[in-house]
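S.K.: Residue numbers (our numbering): 383 to 526.
Every residue gets a Cβ at the ideal spot worked out from N, C-alpha and C, and that includes glycine.
All figures in this text were calculated on a predicted structure; none of them were measured in a lab.
One structure, pasted below without further comment.
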Ligand code: TYD
């Protein structure tokens, strides 16, 4: 498993999934607690994203996730309150691990792109921080 650290967001990493190459088409797989460092409680996906749209725009208190460009490409902007980093996803055998407490925005979606998210928690709106000012306050207070 290839792990690449993002510069300033130490826990963010690109995970390279196994790839079984075949003249009939390639196959990749993801196993809970193996290629993904958490129990997968939920899967969701973004599709039919209009040109110029931005998704995300929030952080999570507890939730961890892995984001994969199953088809097409998009940028993920990561922000831990101190540093920002842009990650370009464009291959289905790479996933971006995003731990809790990181603000993320997904943008620059190519046409027909599909963003798959594997998530550590069931959907719970109370786990979201949707206002950037609230996120900055949480960062400054050490998430207490
Ligand atoms: P949101 O998480 O803000 O989308 P994104 O981060 O991808 O831009 O969710 C958008 C809406 O969909 C919001 O009303 C909550 C709802 N939603 C669910 O009901 N279940 C889910 O699993 C997710 C991810 C979102």
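Helix, strand or coil: how does DSSP classify residue 482 here?
M.R.: coil
S.K.: Residue 521: which of 398, 443, 423, 447 sits nearest, CA to CA?
M.R.: 443
S.K.: Is the beta carbon of residue 395 closer than 8 angstroms to that of residue 479?
M.R.: yes
S.K.: Closer than 5 angstroms from C-beta to any heavy atom of the ligand TYD: which residues, in chain order?
M.R.: Answer in sequence order: 426, 437, 438, 505.
S.K.: Let me make sure I understand the geometry here. Which of 441, 415, 459 has the alpha-carbon closest to that of residue 506?
M.R.: 441
S.K.: In angstroms with no decimal places, state the Cα-to-Cα distance between residue 398 and residue 485.
M.R.: 23 angstroms
S.K.: Determine the DSSP secondary structure at residue 507, reduced to helix, strand or coil.
M.R.: helix
S.K.: Residues in its own chain within less than 7 angstroms of residue 490 by CB, not counting five upstream and five downstream?
M.R.: 456, 457
S.K.: Consult DSSP for residue 456 and reduce its assignment to one of helix, strand or coil.
M.R.: In the structure shown, residue 456 sits in a strand (DSSP, three-state: E or B).
S.K.: Go to residue 429, then tell me how far its beta strand (DSSP E) extends in each direction, as first and last residue.
M.R.: Segment: none, residue 429 is in no beta strand (DSSP E) and carries neither H nor E.
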